[in-house]
Ligand SMILES: Cc1cc2nc3c(=O)[nH]c(=O)nc-3n(C[C@H](O)[C@H](O)[C@H](O)COP(=O)(O)OP(=O)(O)OC[C@H]3O[C@@H](n4cnc5c(N)ncnc54)[C@H](O)[C@@H]3O)c2cc1C
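Residue numbers (the working numbering), protein chains in the order written: chain A, 165 to 608; chain B, 29 to 499.
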C-alpha cells in the first residue's frame with residue numbers, strides 16, 4: 165500500500181473509531197506479528213465499532229488480526245498478511261458481578277490482573293495464571309486457551325468460561341452459553357471459540373465461573389540431584405490423595421530466582437490443617453526420593469517464585485528464543501525428557517525446562533544465538549522432538565521461534581482426522597478468510 | 029423388494045439377523061426414553077458391536093436416505109433418542125467394554141455403551157472414581173452422558189461431563205471414523221471434542237471415549253437438614269457459597285417430595301417441613317471437621333429445625349437414599365410427570381422458586397422440587413394425568429411460564445437434560461435467530477444431510493408463533 169493510500173485508510177478508520185481509537189504509528193511495534201508491521205492498529209470502543217471495522221475490512225479485503233494486549237501474537241504460523249490489528253483492550257468494563265453467584269461477566273479487553281483485583285475484594289478469584297500476568301486480557305486468554313501451573317487443579321479457560329459474546333466475520337453479534345454454571349441449551353460453541361486464536365470471530369464479552377480464594381497456602385520447594393528423582397517424586401504425588409494446586413518440575417532454573425538444579429515446586433492451597441497434612445506427606449515423599457533439600461518458601465518469596473514460573477514460557481521480545489510445549493501423558497514425561505536432552509545435548513544447546521507434572525505439559529525454552537545456527541537445522545531438531553512426542557501419543561507445539569525457523573516448520577504440527585471438519589467450520593465462520601489468515605493449525 | 033426390506037437385508041449382512049429388530053412389538057420397547065410422554069416408533073433397531081460396523085450402518089442409512097439415531101441407556105429426559113422422523117435406532121448396548129484403565133495417568137478408555145456407574149465400580153477398589161454422577165447412573169451410558177453433557181449431584185465441585193472427557197472416537201454422519209482430542213490434555217486445532225460433547229447425538233456417533241478418573245476423596249462429611257421454610261433453606265445455600273465453601277454436593281427437596289418419600293419409604297421426615305437440604309463435603313480428612321462445623325453453624329443460623337449427620341459410610345448412604353429414591357416416589361403422586369431442568373443464578377433461587385409455586389397455584393397443577401441447589405439447577409416436577417386433555421393443556425402453559433421465569437432471571441432452560449424435542453420450542457427464550465443460525469451452521473458441517481438425529485434442538489416457525497414471537 166502506498167503512503168497516500170495508507171493515509172486514506174487511516175482517515176477511514178478514524179471515521180469509525182475516532183482519533184483515540186487509532187494507535188499512532190510509533191506504537192505499532194508492540195503489535196508486530198512475526199516481523200510484519202500492521203497497516204493500522206485500531207482500538208474500538210464499542211461492539212458497533214467492531215462491526216463497522218469488519219465491514220470496512222471486508223470491503224477493502226484487509227486481513228484482521230484480533231488482539232488484546234498483543235502478548236500472544238507471536239503464537240502461530242507466519243501470517244499471510246497483517247493489515248488491521250484489532251485490539252479489544254478499550255472494551256474493559258465489568259458488565260456484571262454478583263459475588264454470591266460466583267460468576268462474573270466482563271468485556272474481553274479487561275486485563276486479568278484488574279479483574280483479579282476486583283474479585284479479591286470479595287475473597288474470590290479466577291483460577292487462571294497464564295503468561296504476561298499484568299498485560300494479558302481475558303479475551304486474549306480465552307482466544308488462546310491460555311493457562312499456567314494452576315491448571316492442575318482448575319483446568320483451562322475451557323473449564324471456566326460459561327458464556328461469550330462474539331462478533332462474527334459478517335458483523336452479526338451472537339452469544340454462546342450463558343451466565344449460569346450449568347448449561348446445555350444448544351451446542352457448546354464456547355469450546356470452538358476458546359483456543360481458536362482469533363480465526364472464528366472477535367470475542368467481546370465473557371462470563372466466567374469463579375472460586376473462593378484459598379484459606380491458606382503453602383509453597384514447597386524440593387531440590388534433587390537428578391531430575392529423574394524429581395519426576396518420580398512428582399509421580400508419587402499425582403498418584404496419591406494429595407490435591408496440590410500445582411506441581412512444577414523445573415530443570416536448569418527459572419530466571420530471576422535462585423533455582424539452579426532440578427526442582428519440584430508444590431503449591432498447596434487448602435484449609436490450614438489440610439495444607440499442613442499435605443506438607444508432611446510431601447516431605448515424606450521427598451525424603452523417599454532422595455531430595456537434597458526441602459524448603460517451605462515464605463512470602464513474599466513464594467509469590468515471586470510463582471510469578472517467575474508463570475513467566476517461564478514468555479517469549480522475549482527480541483524473538484531470539486524458542487519456546488515449545490510438549491503435551492504428554494504424565495507417565496511419559498520422564499522418558500521423554502531423557503530423549504529430548506539427548507537430542508539437544510548433542511548440539512550443546514542449553515535448555516530450561518518446566519514440566520506441569522499434574523497435567524502433562526512440558527515447556528522447553530531454548531535461548532541461544534539462533535542467528536548463528538542454520539534455521540533448517542533448528543527446525544529439524546524441533547521436528548525430532550515432535551516426532552518423539554508423537555511416538556508416545558503426544559504432540560509438540562512451537563509457541564515462539566525466530567521467523568526464519570518458522571519458515572521451515574509448522575508450529576502446530578498435524579491436527580489428525582479432524583482436519584476436514586475444522587476447515588469446514590472455518591469456511592462457515594469466515595468465508596472470506598478475513599480473520600488471522602494462515603496462522604492457525606492446518607493452514608487455517 | 030421394497031427399499032426398507034433391502035436396507036434390512038443389508039443390515040442383517042453386517043450384524044447378523046439376531047441384531048436387527050423389526051418386529052413391531054419388539055420395537056415398541058424403543059418408542060420412548062425417560063421423558064415417557066413423547067413417543068415415536070423406530071422402523072428398526074440395530075445392535076452393532078464395534079465402530080467399523082457402525083460406520084457401515086451409517087453409510088447404509090445414507091444410501092437409503094434413512095434417519096439414524098444413537099441410543100444408549102434410553103434414560104434421556106428430553107426425547108433426544110426419539111426417531112421423530114422414523115428410521116433406525118443404533119443401539120449401543122453391545123459396545124460396553126472398558127478397554128483400558130490407566131491409573132497412573134488417571135484415565136480410562138471406554139466404549140460408549142458402558143453404564144456410568146460400572147466405570148466407577150471398575151476402579152473404586154483402587155481408590156479412583158469417575159466424577160460425573162447423574163442420578164440415573166445405574167442405567168445411563170457414558171455415550172449418552174457425552175451426548176447430553178450430563179451433570180449430577182456432585183458437579184457442583186467436580187464439573188460436568190465435558191470437564192472429564194479427553195478424547196473421542198466418532199463415526200461422523202457420513203460414516204467416516206475420526207478422532208477428536210486424545211489421551212493427552214491438548215491437541216492442536218479447534219476443540220472438536222468440546223463441541224461434540226453436548227451435541228445431543230446430532231453430530232455423529234461416539235464409539236470410544238478417553239475419560240478422566242479422579243482419586244477418591246479420603247473422607248466425606250454429609251448432613252441432611254430439615255427446614256420449616258423454603259426461603260430459609262435457599263438462604264442457607266447462598267450463605268454456604270458466600271462463606272467461600274464449595275461443597276461436593278448441595279441438594280434440595282421440597283415439601284411435596286418429602287410427602288412422596290414418606291408415603292413410599294418412611295424416612296421419618298416431618299410432613300410440615302418445607303425443605304430438606306443435603307450438604308456433602310469431601311476431600312482431605314485433616315480440617316474436614318472444622319469445615320463441617322462451619323456448615324452446621326450456617327444451617328442452624330438459617331433456622332434448620334434438625335440437622336442429621338452421617339457418622340459413617342452406612343449413615344451417609346442412608347442420607348443419600350432419600351435423595352436417590354425421590355424419582356421413584358413421584359409415581360405415587362400422579363400418573364404422569366415432566367421433569368423441568370432450568371438453571372438460574374444462585375442468588376435468584378428463592379425468587380424463582382416462589383414463582384414456580386405461584387405458577388403451580390395459578391394452573392392448579394402440583395409441582396414438586398428436587399434439585400441441585402448449589403448450581404442453581406432446579407428440577408420442578410410437574411405432576412398431572414396425561415389422560416386428561418385439559419390438564420395437558422395447562423401443563424403446556426406451566427412449562428412455558430417456568431422456563432420463561434428461568435430465562436428472565438438470567439438463567440437458561442436446561443442445565444443437564446438437553447433440549448431434544450422437549451424444549452426446542454423454547455430455544456427462542458434464550459437465543460436470537462442469529463445465535464441459532466451459527467449453531468445450525470456448525471451442525472451442517474458435521475451433519476450436512478440432516479439424517480443424523482433429525483428434528484431436534486432447533487425451534488420451528490411454529491415455536492415462534494407459540495411463544496408469541498412471530499412476525
Ligand atoms: C431418574 C433419572 C434421573 C436422572 N438424573 C440425571 C442427572 O442427575 N443429571 C443428568 O445430567 N441427567 C439425568 N438424567 C437424564 C439422563 O439420564 C441423561 O441425559 C443421560 O446422560 C442419558 O444417557 P443414556 O445412555 O440413557 O442416553 P439415551 O437416552 O439413550 O440418549 C440420550 C441422547 O444421547 C444420544 N446418544 C446416546 N449415545 C450416543 C453416542 N454413543 N453417540 C452419540 N450420541 C449418543 C442419543 O441419540 C440421545 O440424543 C436422569 C434421568 C432419569 C430417568
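Ideal Cβ placement from N, Cα and C applies to all residues, glycine included. These numbers come from a predicted model, not from an experiment.
Just to check my reading of the structure: residue i and residue j have Cβ atoms closer than 8 angstroms, yes? What is that Cβ distance to the nearest angstrom?
{"i": "residue 75 of chain B", "j": "residue 119 of chain B", "result": "5 angstroms"}
{"i": "residue 408 of chain B", "j": "residue 430 of chain B", "result": "6 angstroms"}
{"i": "residue 72 of chain B", "j": "residue 116 of chain B", "result": "5 angstroms"}
{"i": "residue 180 of chain B", "j": "residue 165 of chain B", "result": "7 angstroms"}
{"i": "residue 435 of chain B", "j": "residue 458 of chain B", "result": "5 angstroms"}
Consult DSSP for residue i and reduce its assignment to one of helix, strand or coil.
{"i": "residue 490 of chain A", "result": "strand"}
{"i": "residue 415 of chain A", "result": "strand"}
{"i": "residue 627 of chain A", "result": "Any answer about residue 627 of chain A is impossible in this case: the structure gives chain A only from 165 up to 608."}
{"i": "residue 388 of chain A", "result": "strand"}
{"i": "residue 537 of chain B", "result": "Shown here, chain B extends from 29 to 499; a query on residue 537 of chain B therefore has no answer."}
{"i": "residue 261 of chain B", "result": "helix"}
{"i": "residue 40 of chain B", "result": "helix"}
{"i": "residue 310 of chain B", "result": "strand"}
{"i": "residue 347 of chain A", "result": "coil"}
{"i": "residue 188 of chain B", "result": "coil"}
{"i": "residue 438 of chain B", "result": "coil"}
{"i": "residue 528 of chain A", "result": "strand"}
{"i": "residue 439 of chain A", "result": "helix"}
{"i": "residue 326 of chain A", "result": "strand"}
{"i": "residue 178 of chain A", "result": "helix"}
{"i": "residue 463 of chain B", "result": "helix"}
With distances taken between CB atoms, is the gap from residue i to residue j smaller than 8 angstroms?
{"i": "residue 593 of chain A", "j": "residue 226 of chain A", "result": "no"}
{"i": "residue 470 of chain B", "j": "residue 351 of chain A", "result": "yes"}
{"i": "residue 163 of chain B", "j": "residue 352 of chain B", "result": "yes"}
{"i": "residue 450 of chain B", "j": "residue 107 of chain B", "result": "yes"}
{"i": "residue 272 of chain B", "j": "residue 435 of chain A", "result": "no"}
{"i": "residue 368 of chain A", "j": "residue 338 of chain A", "result": "no"}
{"i": "residue 410 of chain B", "j": "residue 368 of chain B", "result": "yes"}
{"i": "residue 482 of chain B", "j": "residue 113 of chain B", "result": "yes"}
{"i": "residue 485 of chain A", "j": "residue 242 of chain A", "result": "no"}
{"i": "residue 296 of chain A", "j": "residue 235 of chain A", "result": "yes"}
{"i": "residue 297 of chain B", "j": "residue 304 of chain B", "result": "yes"}
{"i": "residue 220 of chain A", "j": "residue 178 of chain A", "result": "no"}
{"i": "residue 312 of chain A", "j": "residue 272 of chain A", "result": "no"}
{"i": "residue 561 of chain A", "j": "residue 575 of chain A", "result": "yes"}
{"i": "residue 290 of chain B", "j": "residue 257 of chain B", "result": "no"}
{"i": "residue 522 of chain A", "j": "residue 497 of chain A", "result": "no"}
{"i": "residue 600 of chain A", "j": "residue 341 of chain A", "result": "no"}
{"i": "residue 417 of chain A", "j": "residue 210 of chain B", "result": "no"}
{"i": "residue 230 of chain B", "j": "residue 480 of chain B", "result": "yes"}
{"i": "residue 410 of chain A", "j": "residue 314 of chain A", "result": "yes"}
Given that residue i touches chain E, what residues does it touch there, using C-beta distances under 8 angstroms?
{"i": "residue 228 of chain A", "result": "Among the protein chains of the structure shown, namely A and B, there is no chain E."}
- Would you list, in chain order, the members of the segment 488 to 512 of chain A that have their beta-carbon closer than 7 angstroms to a beta-carbon of chain B? Answer set for the segment 488 to 512 of chain A: 491, 492, 493, 494, 495.
- Message: Please identify, using Cβ separations under 8 angstroms, the residues of the segment 436 to 449 of chain B that lie next to chain A, in order along the chain.
- Response: 438, 439, 440, 441, 442, 443, 444, 445, 446, 447
- Chain-ordered residues of the segment 341 to 359 of chain A with a beta carbon less than 7 angstroms from chain B: Listed by position, the residues of the segment 341 to 359 of chain A near chain B (Cβ gap below 7 angstroms) are 342, 343, 344, 345, 346, 347, 348, 349, 350, 351, 352, 353, 355, 356, 358, 359.
- Message: For the segment 366 to 379 of chain B, list every residue whose C-beta sits within 7 angstroms of some C-beta in chain A, in sequence order.
- Response: 371, 372, 373, 374, 375
- Item | Residues of the segment 207 to 235 of chain B whose Cβ lies closer than 7 angstroms to any Cβ of chain A, in chain order | 207, 208, 210, 211, 212, 213, 214, 215, 216, 217, 218, 219, 220, 222, 223, 225, 226, 227
- Task: Below 8 angstroms between beta carbons is the criterion; list the residues of the segment 450 to 471 of chain B that meet it against any residue of chain A, in chain order.
- Result: Residues passing the 8 angstroms Cβ filter: 451, 455, 458, 459, 460, 462, 463, 464, 465, 466, 467, 469, 470, 471.
- Residues in the segment 400 to 419 of chain A with C-beta within 7 angstroms of chain B's C-beta atoms, listed in sequence order? 403, 405, 407
- Could you please tell me which residues of the segment 311 to 331 of chain A, in chain order, have their CB closer than 7 angstroms to any CB of chain B? 319, 322, 323
- Task: Using a Cβ-Cβ cut-off of less than 9 angstroms, give me the residues of the segment 169 to 186 of chain B that come near chain A, in sequence order.
- Result: 176, 177, 178, 179, 183, 184
- What residues from the segment 432 to 449 of chain A come within 9 angstroms of chain B, judged by C-beta to C-beta, listed N to C? Those residues of the segment 432 to 449 of chain A that come within reach of chain B (Cβ to Cβ, closer than 9 angstroms) are 434, 435, 436, 437, 438, 439, 440, 441, 442.
- Task: With 7 angstroms as the C-beta to C-beta threshold (strictly closer), list the residues of the segment 559 to 588 of chain A near chain B in chain order.
- Result: Going along the segment 559 to 588 of chain A in chain order, one finds 559, 561, 576, 577, 579, 580, 581, 582, 585, 586, 588 with a Cβ nearer than 7 angstroms to chain B.
- Task: Identify each residue in the segment 202 to 224 of chain A for which the Cβ-Cβ distance to at least one residue of chain B is less than 8 angstroms, and report them in chain order.
- Result: Taking 8 angstroms as the cut-off between beta carbons, none of the residues of the segment 202 to 224 of chain A comes near chain B.
- Task: Identify each residue in the segment 123 to 135 of chain B for which the Cβ-Cβ distance to at least one residue of chain A is less than 9 angstroms, and report them in chain order.
- Result: Listed by position, the residues of the segment 123 to 135 of chain B near chain A (Cβ gap below 9 angstroms) are 130, 131, 132, 133, 134, 135.
- Message: Along the segment 518 to 530 of chain A, where does the CB come closer than 8 angstroms to a CB of chain B? Name the residues.
- Response: Correct list: 523, 524, 525.
- Query: Just by C-beta distance, which residues in the segment 308 to 330 of chain B are closer than 8 angstroms to chain A?
  - Reply: 311, 312, 313, 314, 315, 316, 318, 319
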